[in-house]
Amino acid sequence: MRSKSSTFRTHRAVTTLAALLAGALALSACSGGDNDKKDNGEKTGGATGSTVTLPKLDGARLEVAAVWTGAEQANFKKVLAEFERRTGAEVTFVPAQDPIINFLGSKIAGGQPPDVALLPQPGAIRQAVDKGWAKPLNAGVQAELAKNYSQGWQDIGKVGGKQYGVYYKAANKSLIWYNAKVFENAGAQEPKTWKDLLTASRAVYDSGVTPFSVAGADGWPLTDWFENVYLSQAGPEKYDQLAQHKIKWTDPSVKQALTTLAGIWGRKDYLAGGQKGALQTEFPQSVTQTFTGGDQPKSAMVYEGDFVQVNIGETKAKVGTDAKVFPFPAVGAGAPVVSGGDAAVILKDSKAAQALATFLASPDAATIQAKLGGYLSPNKNVPLSAYPNAVQQKIAKALIASGDDFRFDMSDQAPQAFGGTPGKGEWKDLQDFLKNPGDVAGAQAKLEKDAAAAYGNGG
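Under the numbering used here, the first residue of the sequence shown carries the number 22, and numbering increases by one thereafter.
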């Protein structure tokens, strides 16, 4: 079963959210002061300052697997530590590798599946259900979800009408971050359209700084570039059709999007290190090199989601002053809004596993990680004041205000063999296209061949 139609609305709704996000990011004032009060609600039987009642689980042991590394992993471990404190359970974090379905398969084959896994694609949730690995969430978890999540975010975690996933982490993947000093020196303005983006890029280039960092060593940022261009240019209906492989990658709309992308990817002098350098640049480096080197960094802009803030935090740049952000510019009629996320799925059913899923569905868990930065929750009851800066508060406000009106990351909806495997499928095909942006037809042919194989030639 492909993505749920209830999650995906009209073009007007998508462009409305884009406008909201643009307005939100334009505001400099810090919001959410009154929301502090929501942090301290206590329910009978719960720990002090909690909104959710958890059972005592002394002696219970859980393993939780996710592909998170670095600060993201460290911050999530603090959430798990709070669960341990409240319940008495012992939780071990298991570092996983991409693609996580393959990692889990080897664990399950060896008789040692983790109790809970954080899956970064709806396609991976479907695969886990199809293989008989995933266990349905109980009534307690579902009640917590119903209280805290819009219907759209609940539906993405369902397969065959049953709830399997808790979307603990979300991402706004329609953002471009920029070095404010470079833009100031170049006299560049925040762009609203793709034409404006090219104008700003030219101004930056003329000032002596390379416009873009592109994380070509990791295939997934390239899919995100494509999805934003495609959603804005081809529109939501085509986006949904391509996400479900109801139209082919040889469609003229794909040609148009790749040709548009080539307008930047095909400019060797617009990419830090050129195409060759971009293909050797991993995601964290693409961010940090944009915000180190004073007013002469290796690049002026880097495209990626709100989670970029974790990496900016590893530099001396301050979000909102040195490091600023604008919504991905409109390529077609309206600016795109693409979201991603990670869902907790139970692989070994137990009272403790269901309790952890309940905790992750609560505002309590998300609020802990929100305060640490570089994190966005689709949980509508996380107070905006939990987010550590005005930029992140605005991004969170826009996501929650969108309700069900967003498009989920296309590659994350695809079978993992096509949309989520390093060195294969869409990741590899777009890396090849970055290497040779002049060969649009060749890229389309490769993408269609790999998509047909992964989707079983169907939609």
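The beta carbon of each residue, even a glycine, is placed where N, CA and C say it ideally should be.
Problem - Contact under 8 Å by Cβ, Gly-284 with Leu-292 - result: no
Exercise for the section: Report the three-state DSSP secondary structure of Gly-67 (helix, strand or coil). Expected result: Per-residue confidence for Gly-67 stands at a pLDDT of 32, beneath the threshold of 50, marking its modelled position as unreliable; no derived number is given.
Problem - Between the CA atoms of Thr-271 and Ala-466 - distance to the nearest angstrom - result: 6 Å
Practice task
Find out if the Cβ-Cβ distance for the pair Ala-81, Ala-138 is shorter than 8 Å.
Solution key: For Ala-81 and Ala-138, no; Cβs fall outside 8 Å.
Exercise for the section: Go ahead and label Arg-106 buried or exposed: buried means 16 or more other beta carbons lie within 10 angstroms of its beta carbon, across all protein chains shown. Expected result: exposed
Problem - For Thr-113: DSSP bridge partner residues - result: Thr-113 is bridged by DSSP to Glu-84.
Practice task
Assuming Asn-206 contacts Asp-316 (C-beta within less than 8 Å), just tell me the rounded distance between them.
Solution key: 6 Å
Problem - Endpoints, beta strand (DSSP E) assigned at Trp-198 - result: 196 to 200
Practice task
With DSSP collapsed to three states, give me the class of Glu-469.
Solution key: helix
Problem - Among Thr-280, Ala-376 and Val-352, nearest to Leu-455 - alpha-carbon criterion - result: Thr-280
Practice task
Pair every Cβ in the segment 317 to 328 with every Cβ in the segment 189 to 201, then say whether three or more of these pairs are closer than 8 Å.
Solution key: yes
Exercise for the section: Examine the Cβ distances between the segment 217 to 234 and the segment 359 to 370 and report whether three or more of them are shorter than 8 Å. Expected result: no
Practice task
From the DSSP output, in three-state form, read off Leu-292 for me.
Solution key: Under the three-state reduction of DSSP output, Leu-292 falls in the strand class.
Practice task
On a CA-only basis, which of Gly-295, Gly-132 and Gln-118 is nearest Pro-482? Give me that one, please.
Solution key: Beyond the ends of the chain as shown, which are 22 and 480, falls residue 482; an answer cannot be given.
Exercise for the section: Give the straight-line distance between the Cα atoms of Ser-360 and Gly-424, rounded to the nearest whole angstrom. Expected result: 12 Å
Practice task
Quick one: which unbroken beta strand (DSSP E) runs of 3-plus residues sit fully inside the segment 316 to 394? Chain order, please.
Solution key: 322 to 324, 344 to 348 and 359 to 367
Handout entry: Distance between Thr-108 and Leu-75 (C-alpha atoms, nearest Å)
Key = 7 Å
Problem - Cα-Cα separation, Leu-451 to Gln-133 - result: 35 Å
Practice task
Going by DSSP, name the residue or residues bridged to Thr-214.
Solution key: Paired residue(s): Ala-351.
Practice task
Within the same chain, show all residues whose beta-carbon is closer than 6 Å to that of Thr-311, passing over the 5 residues directly before and after it, in chain order.
Solution key: Asn-200, Ser-234, Pro-318, Ser-320 and Val-323
Problem - With 16 other Cβ atoms within 10 Å as the buried cut-off, status of Ala-354 - result: exposed
Exercise for the section: With DSSP as the reference, label Ala-192 as helix, strand or coil. Expected result: Secondary structure of Ala-192 (DSSP, three-state): strand.
Practice task
Could you have a look at Leu-455 and say whether DSSP puts it in helix, strand or coil?
Solution key: helix
Exercise for the section: Find out if the Cβ-Cβ distance for the pair Ser-398, Lys-190 is shorter than 8 Å. Expected result: yes
Exercise for the section: Please classify Gln-210: is it buried, with 16 or more other beta-carbons within 10 angstroms of its beta-carbon, or exposed? Expected result: exposed
Exercise for the section: Just the C-alpha distance for Arg-147 and Lys-202, rounded to the nearest angstrom, thanks. Expected result: 45 Å
Handout entry: Three-state secondary structure (DSSP) of Ser-222
Key = The answer is helix: DSSP assigns Ser-222 an H, G or I state.
Handout entry: Inter-residue spacing [alpha-carbon to alpha-carbon] between Pro-357 and Gly-131
Key = Rounded to the nearest angstrom, the gap between the Cα atoms of Pro-357 and Gly-131 is 43 Å.
Practice task
Taking Leu-139 as part of the beta strand (DSSP E), name the residues at either end of that continuous run.
Solution key: 137 to 140
Exercise for the section: State the DSSP-derived secondary structure class of Ser-49, mapped to helix, strand or coil. Expected result: Residue confidence for Ser-49 is low, a pLDDT of 38 falling below 50, so the modelled location carries little weight and cannot support an answer.
Practice task
With distances taken Cα to Cα, identify the nearest neighbour of Lys-156 among Ala-338, Phe-347 and Val-180.
Solution key: Selected option, being the one with the closest Cα: Val-180.
Handout entry: Within-8 Å CB hit, His-266 to chain C
Key = Absent from the structure: chain C. Only one protein chain is present.
Problem - According to DSSP, residues forming a beta bridge with Gly-186 - result: Val-366
Exercise for the section: Ignore the nearest five residues each way along the sequence and tell me which others in Lys-183's own chain have a CB closer than 7 Å to its CB. Expected result: The beta carbon of Lys-183 sits closer than 7 Å to those of Pro-157, all from its chain and outside the five residues before and after it, given in chain order.
Problem - Selection from Ala-417, Leu-393, Gly-477 and Pro-436 that minimises the alpha carbon distance to Ala-92 - result: Leu-393
Practice task
Inspect the beta-carbon positions of Asp-136 and Ala-374 and report whether they are closer than 8 Å.
Solution key: Yes; because the gap between Cβ atoms is below 8 Å, this pair is in contact.
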